[in-house]
Amino acid sequence: MIVYFIDAGMFDIDKNDPASPGMFDKQQKGTVSFEEFGALWKYVTDWQNCFRSFDRDNSGNIDRNELKTALINFGYRLSDHIIDTLIRKYDRAGHGTIYFDDFIQCCIVLYTLTAAFRQLDTDLDGVITIHYEQFLGMVFNLKI
Ligand SMILES: [Ca+2]
Ligand SMILES: [Ca+2]
């Protein structure tokens with residue numbers, strides 16, 4: 005399971021990104037010690053438990069309504085239009101549902117994009133005005 009994630013690019017080693025396994029390689033040796041593996045394992049099982057709790061019908065994947073409930077629980081207020089967009093983007097099999105690793109990816113990307121937006125939305129009204137180059141800089145500097 006873990007090897008699969010690494011292959012999928014989920015855990016790109018980036019020491020500065022808290023959402024990457026670099027955070028488990030505390031000694032920055034490029035390898036993961038037993039303790040660090042424990043932390044990594046906990047990270048994965050936490051995600052698994054999170055996924056299972058939102059997979060209401062135990063289908064092994066997250067459908068549209070399950071995703072909506074999950075994101076509301078995480079504190080996001082997103083329109084149905086955006087939920088549909090997320091499903092389309094992360095629905096690898098084309099069945100209108102999202103698998104475990106795609107669910108994690110979806111959550112992390114959403115978190116990263118939201119954090120980047122929030123930095124510029126200083127008055128927290130959900131609106132930002134940025135220049136073209138600011139936008140490009142923002143997007144290309146994202147670790148997604
Ligand atoms: Ca389900
Ligand atoms: Ca604003």
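Quick note on numbering: the sequence shown equals residues 5 to 148 in this note's numbering. A virtual CB, placed ideally from N, CA and C, is assigned to each residue, including glycine. Model, not experiment: these values are computed from the prediction.
- At the C-beta level, G34 and D67 stay beyond 9 Å of one another.
- By alpha-carbon distance to D59, the top candidate from T73, D50, V131 and T49 is T73.
- Annotation: Q32 is outside any alpha helix (DSSP H) and is labelled neither H nor E by DSSP.
- Straight-line measurement puts the Cα of N53 at about 10 Å from the Cα of Y47.
- DSSP places I148 in the coil class of the three-state scheme, outside both helix and strand.
- Between D88 and A43, the alpha-carbon positions lie close to 33 Å from each other.
- Remark: the shortest separation between the CB of D95 and any heavy atom of ligand 2 does not fall under 8 Å.
- Each residue's CA atom was taken as its position, placing R56 and N77 some 14 Å apart.
- Note on the stretch 78-119: whole alpha helix (DSSP H) runs with a minimum of 4 residues are 84-94, in chain order.
- C-alpha of K147 to C-alpha of E70: approximately 26 Å in a straight line.
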